[in-house]
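Trainee: For the sequence shown, the residue numbers in mature numbering (1 follows the signal peptide of the UniProt record, and there is no 0) are -24 to -1, 1 to 964.
Handing you a structure now.
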Amino acid sequence: MNREFLHKITLLGCLFLLITSSSGTDNGFQTPEQYAQIVQEHFANEEWEAGKELLEEGLQKYPNVSDLEWLMGKYWFHEKNYDQSRYHLVKAIDDNYNNVNAKHLLVDVEDITENYSSAICYVNELLEVNPYWRGLWRRKIELYRKQNNDVEADRLLKRINQIYPNDTILRKDYIYSMEVGYQQMKKGGNRKEAIEILTELIKVSPQNEEYYLDIINLHLQEGNREAALGWSSNGLAAIPGSGALIVKRASILSELARYPEALAFIREQMKRNNSPAIRRMYNDLLMEAARAEKQRDPYVLYGMAYEGGNKNKEALDYLLNTSVTRGYTDDALFYIREAKKQYGNNDKGILYKEYMLYRQMNEDDLAYSTLKKMYEMYPDDYDITLAMSAQHMKKAEKLMELGLYAEALPHVLFVSQKHVDNDVNGAAWEKALSCYINMKRYNEALATLDTITLHFPDYENGTLKRAFILDKMDKTEEALQLYLSAIEQSDEDMRIFYVIGYEELAVPYIKKCMEAGATKKAYEEAIKLVSLNPSSDLGLRYAINSSGLLGKYDEFEKYTAQGINYYPEEPFYQAKRATVLERDKRYEASLEFLKPILNKYPSNKEIIGAFSQSSEYRALQLTKAKEPEKALAVLDTALLYDSQNKSLKYTKGVVYEANRQADSAYYYQKYYEPSIMEYRSFQRHLSGLRSMMLKNEIALTYLRARYGEEDIITSVATAEYTRKGQKNSYTGRLNYAGRSGSASDSMEAEEQTPGGVGIQVQGEWTHHFSPKWSTTVNAAFATKYFPDITADVAVRHYLKNDWEIGVHVGYRRVAAYTKHYEWNDEFFAGGTGDNGYLFTGWNESKTNLLTVGGELAKTIEVVRLNTKIDMHFFNSNFYYNAQIGAKYFPANDGKTNINAMASIGSAPETAVLDYALPGSFSHTNTMVGLGGQYMVSPNITIGLMGTWNTYYNQTNTVRGSSPLNPIESISTRYKNLYNIYAQVYISF
């Protein structure tokens, strides 16, 4: 039993070892696909032997798997063992007939081993799977070429080119194939076959000039000139302006003696191609055509007869008239000399022809000399006078073009006095008018204009010219009134004409008024112009600008809206629309309005300027609303478009200053360029900012108080250190007080406290939660005179438009002193004195004082006003104190000020308690004060303050001559207390 059990255990152990040992040598691949994937990764990484080793393992486990056989074939292909490669690739196809990868590789194997037929078979099998694979078609054509089967290759190339007409590679192959065939046919003398191939080539490539020239030449060689002409037309239709085709077609027409057609053809083609070669050919054709036609020209025949001696009148008249008409200048001059010999030098007809000839020759001086001679001989001849007038007008025009109006004037006056033709005469008067105007002889110009309107009632430019002259005479208002009268009396068509003229005068006049400071006059003229022409761009601009300067904001808005209506895309009006929104303090709406326009016109100065101005106003508005972060974001956006705008940078500095970021405020405000009057104030302000940048401050304060009725001095000295940050400020403060007095019986009755020294240690923290909220917390402990314990919490809220509100709560543990009297046992009746009680010391009592109060403040430019009320709860009673104050900052440095204050209440102000000064409750306490501070430098500020307190005072005494009958009395009175505060602040 045990042996069988042990035998089973031994068999199981061997089986386990066998399994584990076999799994240790297995790569863990379970499928052929996993083998194929890893082998391909090896091959891709050029790890061919590692891939082969793994592949042999896979084939051993999975023989005859198509993908594994293909990969083995790929390995042997890489090793250039093409027989082994073919063997495995064929096995791959036997296993999977549709193994495309194996067939592709077999094509390469058969191609390399020059078994082109087998390669073509495999390509055909691949095309059965994907018949539209262009690469396979090109491969098949390539294999036919290698097989020297060009016929089949060409047939297949033509077919595949028809299937894929847009394939540039196939197209190039097809064209190349046909070019080779065409050249072979041409060399072999097979012109008809070459023409057929060229015809097909032109269909495929209609822009090839060489094909057209070759097919034309082949047709000419065949003697078919009409077909050649037809192909030249086809070529020029496909390639307009082709110089070679133009020359070819013209040459064929010339050979056919079709000169008019050839010349007309070249003239038409020269509009597209006016090259020297074509011009040269055109001239050559002209000569050929001329030679052909020459013998049929009567002028040539008459000339030959005249040279032969037949110098009769008929021949001379024909030759003279024809030479002048045709512009044969040399011939014409010759025949004129011949005519003068026959008819004399003063013959009017001959002289007139000589004049016309000189005009044709542009010999103006000779023409004028001849004409002048005729005019002197025949002054009443209409044609000669008309020609003479034309010559004077021509000279006048040239002189006027040169700006020589004084020299031109006699010529036009000559013409105007002859009255030969209404049109010529009117033109002469107009030129005379132009001369007078340009010579600034305006009175003569007006007289000339009167003459024109008298002799030519239908002259339409009279009002325009008169207004123009009046304007030049600085009578622009009269000129404008002239236009207004004409506008009222004109029809609709002429009204438009006159309104345009009115605007041409009004715009410069308005501009002149604006430049001279006559804004009201400019405004009046601008609104007249806009009433006549509501769409006048410049009129609307001047109406808007002048109304803005005059404070006519309703008119400003009206004309701005009118401008936007007519010119909705014009930046000027869009910028003025932003100004309208700004005037209503709708700065945010102005920015929203301008943003899409600015995106459209990012470089337009008017839009950028309007956007910058609105951004500046909006930033200041947000600053007053205690939202400096938003204000800075607005300014940063504006600076993206207007990075050099110093006003934007300065405003950014103002925002930083309001946010207590003095360093950034100083950096940006220094860009401001103050005027001479502002310079000192601005430099003072920068000094104030430099002072604000200093993080540490030591303050030393000395308070000296004196009673009005007695020469009793009370003093308090304070030393404090403050560490300032943007959000947090920390202060440590030490107050010291010393009092005169003693506890002996020599104490004066008026003294209210024992003598000695008091010290108070105080800590304070101020935190700004946001630009709108801040809090101040302080706590203090003292030994004497000061409140034993002091604790205050204040919260301040900063409102829009420089308003502030605050609430505070405070606690003080205060001490009160009364005099202590005891009976003098040595006193006896009848002795000296009547008082047996002695002052032996002080009774001290501790009382809790709870304070709750509120404060309201408003800053108006350089003045800060504030009011404050405190409510005190003391010994179960309620007391109050109300204060008002004003600070004036005259120096623009943020520190130098003049301070005035006053208070009244049934309790003294809190400062009296904090500085251990005398005061009283339940009776009226008053205070007035005046003082100020002055910043000596960014590091030093000094201050001086004086206050006058009036308070209720009471003193307790005990008198009597018997210990059994003490007489207690309290003396009351109002006392004045004068305080002087001296302060020094050191910043670093």
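No residue lacks a Cβ here, since even glycine has one placed at the ideal position from N, Cα and C.
Here the structure is a predicted model, which is why all the values come from computation and not from measurement.
Can you tell which of 589, 234, 540 has the C-alpha that lies nearest to the C-alpha of residue 559?
Mentor: Numbered from its first residue, the sequence shown carries residue 559 at position 583. The candidate whose alpha carbon is nearest that of residue 559 is 589.
Trainee: Along the alpha helix (DSSP H) that carries residue 342, what are the first and last residues, could you check?
Mentor: Position 366 of the sequence shown holds residue 342. Where residue 342 is concerned, the enclosing alpha helix (DSSP H) stretches over 340 to 353.
Trainee: Could you check whether residue 679 and residue 855 sit closer than 8 Å to each other, using their CB atoms as the reference points?
Mentor: The residue you call residue 855 lines up with position 879 of the sequence shown. The residue you call residue 679 lines up with position 703 of the sequence shown. No, the Cβ-Cβ distance between residue 855 and residue 679 is not below 8 Å.
Trainee: I'd like the list of long-range same chain contacts for residue 446, defined as Cβ closer than 6 Å, with 5 residues on each side in sequence excluded.
Mentor: The sequence position of residue 446 within the sequence shown is 470, counting from 1. Taken in chain order, the residues that qualify are 454, 455.
Trainee: Answer yes or no: do residue 75 and residue 46 have a C-beta to C-beta separation smaller than 8 Å?
Mentor: Here residue 75 refers to the residue found at position 99 when the sequence shown is read from its first residue. Here residue 46 refers to the residue found at position 70 when the sequence shown is read from its first residue. In this structure, residue 46 lies closer than 8 Å to residue 75 by Cβ.
Trainee: With residue 469 as the anchor, note down where its alpha helix (DSSP H) starts and where it stops.
Mentor: Taking the sequence shown and counting its residues from 1, one reaches residue 469 at position 493. Looking at the DSSP string, the run of the alpha helix (DSSP H) that includes residue 469 is 468 to 492.
Trainee: Find out if the Cβ-Cβ distance for the pair residue 392, residue 366 is shorter than 8 Å.
Mentor: Position 416 of the sequence shown, counted from the first residue, corresponds to residue 392. Position 390 of the sequence shown, counted from the first residue, corresponds to residue 366. No, they are not a contact pair.
Trainee: By the three-class DSSP mapping on this structure, what secondary structure does residue 222 have?
Mentor: Start at 1 with the first residue of the sequence shown, and residue 222 comes out as number 246. Residue 222 falls in the helix class under three-state DSSP.
Trainee: Buried or exposed, going by whether 16 or more other CB atoms sit within 10 Å of the CB of residue 578?
Mentor: In the sequence shown, the residue the question calls residue 578 occupies position 602. Burial call: exposed.
Trainee: Please return the same chain residues whose Cβ sits closer than 7 Å to the Cβ of residue -16, not counting the five positions on each side in sequence.
Mentor: In the sequence shown, counting from the first residue as 1, residue -16 sits at position 9. At residue -16 the pLDDT is 48, less than 50, meaning the model places this residue with poor confidence and gives no usable figure here.
Trainee: Can you tell me where the beta strand (DSSP E) holding residue 771 begins and where it ends?
Mentor: As a working note, residue 771 is residue 795 in the sequence shown. Counting along the chain, the beta strand (DSSP E) containing residue 771 begins and ends at 765 to 774.
Trainee: Buried or exposed, going by whether 16 or more other CB atoms sit within 10 Å of the CB of residue 722?
Mentor: Taking the first residue of the sequence shown as position 1, residue 722 is located at position 746. Caution is warranted here: a pLDDT of 45 is assigned to residue 722, below 50, making its placement in the model unreliable, and the coordinate value is therefore given only provisionally. By the neighbour-count rule (16 or more Cβ atoms within 10 Å), residue 722 is not buried but exposed.
Trainee: Could you give the distance in angstroms between the alpha-carbon of residue 952 and the alpha-carbon of residue 744?
Mentor: Taking the sequence shown and counting its residues from 1, the one referred to as residue 952 is at position 976. Taking the sequence shown and counting its residues from 1, the one referred to as residue 744 is at position 768. Near 39 Å, if we compare the C-alpha coordinates of residue 744 and residue 952.
Trainee: Rank 510, 531, 511, 512 by C-alpha distance to the C-alpha of residue 520 and give the top, closest one.
Mentor: What you label residue 520 is simply residue 544 of the sequence shown in a count that begins at 1. Nearest option by C-alpha distance: 531.
Trainee: Could you check where the beta strand (DSSP E) with residue 563 kicks off and where it finishes?
Mentor: Position 587 of the sequence shown, counted from the start, is the residue given in the question as residue 563. Here residue 563 belongs to no beta strand (DSSP E); instead the alpha helix (DSSP H) covers 563 to 576.
Trainee: For the beta strand (DSSP E) containing residue 464, list its first residue and its last residue.
Mentor: In the sequence shown, residue 464 corresponds to position 488, counting from 1. Per DSSP, residue 464 belongs to no beta strand (DSSP E); it is in the alpha helix (DSSP H), 452 to 465.
Trainee: According to DSSP, is residue 841 part of a helix, a strand, or is it coil?
Mentor: Numbered from 1 along the sequence shown, position 865 holds the residue referred to as residue 841. Correct three-state label for residue 841: strand.
Trainee: Go ahead and pull the three-state DSSP assignment for residue 527.
Mentor: Reading the sequence shown from its first residue, position 551 is the one you call residue 527. Correct three-state label for residue 527: coil.
Trainee: Which residue comes first and which comes last in the alpha helix (DSSP H) that contains residue 53?
Mentor: Residue numbering aside, residue 53 sits at position 77 when the sequence shown is read from its first letter. Here the alpha helix (DSSP H) through residue 53 covers 42 to 54.
Trainee: Report all residues from its chain with a CB closer than 6 Å to the CB of residue 641; omit the five preceding and five following residues, and keep chain order.
Mentor: Working through the sequence shown from its first residue, we reach residue 641 at position 665. Taken in chain order, the residues that qualify are 629, 632, 633, 665.
Trainee: Does DSSP put residue 1 in a helix, in a strand, or in coil?
Mentor: For the purposes of this step, residue 1 is taken as residue 25 along the sequence shown, with counting starting at 1. Note that residue 1 scores 39 on pLDDT, short of 50, meaning its location in the model is unreliable; the coordinates nonetheless yield the value given after this. Helix, per DSSP.
Trainee: For residue 267, is the classification buried or exposed, using 16 other Cβ atoms within 10 angstroms of its Cβ as the cut-off for buried?
Mentor: Here the question's residue 267 lines up with position 291 in the sequence shown. Exposed, because fewer than 16 other Cβ atoms sit within 10 Å of the Cβ of residue 267.
Trainee: Name the two residues that bound the continuous alpha helix (DSSP H) containing residue 298.
Mentor: Locating residue 298 in the sequence shown gives position 322, counting from the first residue. Unbroken alpha helix (DSSP H) run through residue 298: 289 to 302.
Trainee: By a C-beta neighbour count over all protein chains shown, 10 Å radius and 16 as the cutoff for buried, is residue 849 buried or exposed?
Mentor: Position 873 of the sequence shown holds residue 849. Residue 849 is exposed by the Cβ-count criterion.
Trainee: Check for me: the beta strand (DSSP E) holding residue 710 runs from which residue to which?
Mentor: Position 734 of the sequence shown, counting from 1, holds the residue named residue 710. From DSSP, the beta strand (DSSP E) with residue 710 extends over 704 to 715.
Trainee: Determine, using beta-carbon pairs with one atom in the region 327 to 335 and one in the region 368 to 380, whether at least three such pairs fall under 8 Å.
Mentor: The region 327 to 335 vs the region 368 to 380: no contact.
Trainee: Can you tell me whether residue 57 is buried or exposed? The criterion is at least 16 other CB atoms within 10 Å of its CB, across all chains shown.
Mentor: Translated into the one-based positions of the sequence shown, residue 57 becomes position 81. Answer is exposed; the Cβ neighbour count stays below 16.
Trainee: Please specify which runs of the alpha helix (DSSP H), each continuous and at least 4 residues long, are wholly inside the region 211 to 287, giving them in chain order.
Mentor: With a minimum length of 4 residues, the continuous alpha helix (DSSP H) runs that stay inside the region 211 to 287 are 219 to 231, 235 to 245, 252 to 270, 274 to 283.
Trainee: Count the C-beta pairs between the region 293 to 307 and the region 272 to 285 that are closer than 8 Å, then say yes if the count reaches three, no if not.
Mentor: In short, these stretches touch, since the Cβ pair count reaches three.
Trainee: Three-state secondary structure (DSSP) at residue 379?
Mentor: The sequence position of residue 379 within the sequence shown is 403, counting from 1. Correct three-state label for residue 379: coil.
Trainee: Compute the Euclidean distance between the alpha carbons of residue 93 and residue 249, then round it to the nearest angstrom.
Mentor: Translated into the one-based positions of the sequence shown, residue 93 becomes position 117. Translated into the one-based positions of the sequence shown, residue 249 becomes position 273. Roughly 55 Å between the two C-alpha positions.
Trainee: Quick check: what's the CA-CA separation for residue 541 versus residue 553?
Mentor: On the sequence shown, residue 541 is found 565 positions in, with the first residue counted as 1. On the sequence shown, residue 553 is found 577 positions in, with the first residue counted as 1. When rounded, the distance between both Cα atoms is 12 Å.
Trainee: So, using beta-carbon positions, are residue 592 and residue 619 closer together than 8 Å?
Mentor: Reading the sequence shown from its first residue, position 616 is the one you call residue 592. Reading the sequence shown from its first residue, position 643 is the one you call residue 619. No, the Cβ-Cβ distance between residue 592 and residue 619 is not below 8 Å.
Trainee: Drop a sphere of 10 angstroms on the beta-carbon of residue 821, count the other beta-carbons inside from all chains shown, and report buried for 16 or more, exposed for fewer.
Mentor: Against the sequence shown, residue 821 aligns to sequence position 845. Counting Cβ neighbours within 10 Å, residue 821 comes out exposed, since fewer than 16 surround it.
Trainee: Taking the straight line between their C-alpha atoms, what separation do you get for residue 670 and residue 492?
Mentor: Position 694 of the sequence shown, counting from 1, holds the residue named residue 670. Position 516 of the sequence shown, counting from 1, holds the residue named residue 492. Roughly 51 Å between the two C-alpha positions.
Trainee: Measuring alpha carbon to alpha carbon, tell me which residue in 440, 402, 417 is nearest residue 431.
Mentor: Within the sequence shown, numbered from 1, the residue matching residue 431 stands at position 455. Checking every option, the nearest Cα to that of residue 431 belongs to 402.
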